[in-house]
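Engineer: Following the working numbering, the numbering of the sequence shown begins with 6 at its first residue and continues without gaps. One structure, pasted below without further comment.
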Amino acid sequence: MATAHDVAATVLGNLGSVTAMKLEKLVYYCQGWHLAREGTLLFPEPIEAWREGPVVPPLYRHHRRQLTVSDWPHGQASHLTPDERRTVRWVTDQYGKFSASQLSVMTHNELPWRAARGGLPESANSSAKISTDLMRTYYARQIADSETAVGLATANAALEGAEFDQNWQDKLRDVAAGVVSADDLISEEIARLKGD
6 MATAHDVAAT VLGNLGSVTA MKLEKLVYYC QGWHLAREGT LLFPEPIEAW
56 REGPVVPPLY RHHRRQLTVS DWPHGQASHL TPDERRTVRW VTDQYGKFSA
106 SQLSVMTHNE LPWRAARGGL PESANSSAKI STDLMRTYYA RQIADSETAV
156 GLATANAALE GAEFDQNWQD KLRDVAAGVV SADDLISEEI ARLKGD
């Protein structure tokens, strides 16, 4: 099994220099998404729910007092399996564009970090461990096939008193399948409503 150090080395290999805080958040997301997609741990080290968001203490001990981290001699990307490298690549592609602060806010808004802290204020220190079982469940729920996604959207709209006809459900399937972006669909609907 890879270690958090191997994952950190792979993240830096994909992105180059990042802030220490950003590295911590990306390693956390690698663990979460690997649990969701593969059902297994990517690395065995625990993740704690610190004030700034999720932190892997063994990584922190090596980068503390560094603002930026350029390389990670404590781990090797070659220790990851092809599936593990795909997970890390996907996470760096999806989350690498966000700043450390944005990633921190994102993790603060997600259940695994909040649940581990048990209602502590965001400004309070904590070393509570984030449950990998909860991470697996939380991130797995973010993954849905297009039919499930359309069904959930239709049900949520019905709860709000709206209905999606078959035409709208087809459009939602296109968004879920990546054929059209949600932004394009919304722009199209706004233009239609304005009579453009």
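All C-beta atoms, glycine included, are put in the ideal place defined by N, C-alpha and C. Predicted, not measured: the structure shown is a model, and the values here were computed from it.
For Gln-71, collect the residues of the same chain with a Cβ closer than 8 Å to its Cβ; drop the 5 residues on either side in sequence, then sort them by chain order.
Structural biologist: Here the set comprises Ala-25.
Engineer: With distance defined between alpha-carbon atoms, name the residue in Asp-189, Ala-162, Val-12 nearest to Gln-81.
Structural biologist: If we check each option's Cα against that of Gln-81, Val-12 comes out closest.
Engineer: Any chance the region 91-104 sits against the region 55-66, with 3 or more Cβ pairs inside 8 Å?
Structural biologist: Contact between the region 91-104 and the region 55-66 is absent, because fewer than three Cβ pairs lie under 8 Å.
Engineer: Is the region 116-125 touching the region 51-59 in the sense that three or more CB pairs, one from each, lie closer than 8 Å?
Structural biologist: Segments in contact, yes.
Engineer: Starting from the Cα of Asp-150, find the closest Cα among Asn-161, Ala-182, Asp-170, Ser-131 and give me that residue.
Structural biologist: Of the candidates Asn-161, Ala-182, Asp-170, Ser-131, the one whose C-alpha sits nearest the C-alpha of Asp-150 is Ala-182.
Engineer: In three-state DSSP terms, what is Glu-194?
Structural biologist: Helix.
Engineer: Given that a residue counts as buried once 16 or more other Cβ atoms are within 10 Å of its Cβ, and exposed if not, what is Ala-167?
Structural biologist: So Ala-167 ends up on the exposed side.
Engineer: Within 10 Å of its beta-carbon, does Ser-83 have 16 or more other beta-carbons around it, so buried, or fewer, so exposed?
Structural biologist: So Ser-83 ends up on the exposed side.
Engineer: Count the other CB atoms within 10 Å of the CB of Gln-147; is the residue buried (16 or more) or exposed (fewer)?
Structural biologist: Counting Cβ neighbours within 10 Å, Gln-147 comes out exposed, since fewer than 16 surround it.
Engineer: Could you check what DSSP says for Lys-30 in three-state terms: helix, strand or coil?
Structural biologist: Three-state DSSP puts Lys-30 in a helix.
Engineer: Less than 8 Å between the C-beta atoms of Pro-59 and Glu-29, yes or no?
Structural biologist: Their beta carbons are under 8 Å apart, which means Pro-59 touches Glu-29 by this criterion.
Engineer: I'd like the list of long-range same chain contacts for Ser-109, defined as Cβ closer than 6 Å, with 5 residues on each side in sequence excluded.
Structural biologist: The answer, listed in chain order, is Glu-57, Gly-58.
Engineer: Check Val-23 in the structure and name its three-state DSSP category.
Structural biologist: Strand at Val-23.
Engineer: For Pro-94 and Asn-19, I'd like the C-alpha separation in whole angstroms.
Structural biologist: Going by the sequence as given, residue 94 is Arg instead of Pro. Whole-angstrom Cα-Cα distance: 7 Å.
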